[in-house]
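Since the structure comes first, as structure tokens, the remarks are kept for the end.
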């Protein structure tokens, strides 16, 4: 996930078709945090090394997952977890014709349900990107200090 990542594709030409489809979904749903094109190309390259299963957390509208799917070898399955139900539905629609791709709805811990993975891409985002998006406070932990 990248701040203004979706906008970073404005001047990109010749994107893989599935990436274009996911990017269109992100734009249509006002999702600005897609991975940047440079990150996507890295995901594409890394996916080529997986032999059976790729996992990802933080699907968003599926741009990073599309890069992974386009780079994966034939027969490799992909599983991604998105915590927001609406974005999970959008991403699932993007990949509706790709039976090797599964989008789960839930927090990042759901990724362990399908492992082990040859490649696991963990989105470090999801909390504290906006004022109203703060991490949950777990029993025994203390809240984050307020920004000054």
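In this note's numbering, the protein residues as written are 522 to 669. Beta carbons: idealized from backbone N, C-alpha and C, even for Gly. As the structure is a prediction and not an experimental result, all values here were calculated from the model.
Alpha-carbon to alpha-carbon, residue j and residue i
| i | j | result |
| --- | --- | --- |
| residue 537 | residue 588 | 8 Å |
| residue 544 | residue 583 | 8 Å |
| residue 609 | residue 581 | 7 Å |
| residue 644 | residue 533 | 23 Å |
| residue 594 | residue 618 | 17 Å |
| residue 563 | residue 529 | 15 Å |
| residue 615 | residue 638 | 22 Å |
| residue 628 | residue 553 | 20 Å |
| residue 531 | residue 550 | 16 Å |
| residue 642 | residue 571 | 12 Å |
| residue 605 | residue 567 | 26 Å |
| residue 626 | residue 607 | 9 Å |
| residue 630 | residue 569 | 25 Å |
| residue 599 | residue 535 | 23 Å |
Exposed unless 16 or more other CB atoms sit within 10 angstroms - verdict on residue i
| i | result |
| --- | --- |
| residue 573 | exposed |
| residue 557 | buried |
| residue 565 | buried |
| residue 559 | exposed |
Anticipated Cβ contact below 8 Å, residue i with residue j, distance rounded
| i | j | result |
| --- | --- | --- |
| residue 612 | residue 586 | 7 Å |
| residue 576 | residue 632 | 5 Å |
| residue 527 | residue 548 | 6 Å |
| residue 634 | residue 597 | About 18 Å separates the two Cβ atoms, so there is no contact after all. |
Contact set for residue i: own chain, Cβ-Cβ below 6 Å, skip 5 residues either direction
| i | result |
| --- | --- |
| residue 601 | 577, 580, 586 and 624 |
| residue 561 | 588 |
| residue 546 | 582, 611 and 615 |
Other residues of its chain near residue i: CB distance less than 7 Å, five sequence neighbours each side excluded
| i | result |
| --- | --- |
| residue 465 | Coverage of the chain is limited to positions 522 through 669, which leaves residue 465 absent and any answer about it impossible. |
| residue 636 | 576 |
- Task: Could you name each continuous alpha helix (DSSP H) segment of 4 residues or more that falls completely within the segment 560-634, going from the start of the chain to the end?
- Result: If we require 4 residues or more, the alpha helix (DSSP H) runs fully inside the segment 560-634 come out as 584-592 and 606-615.
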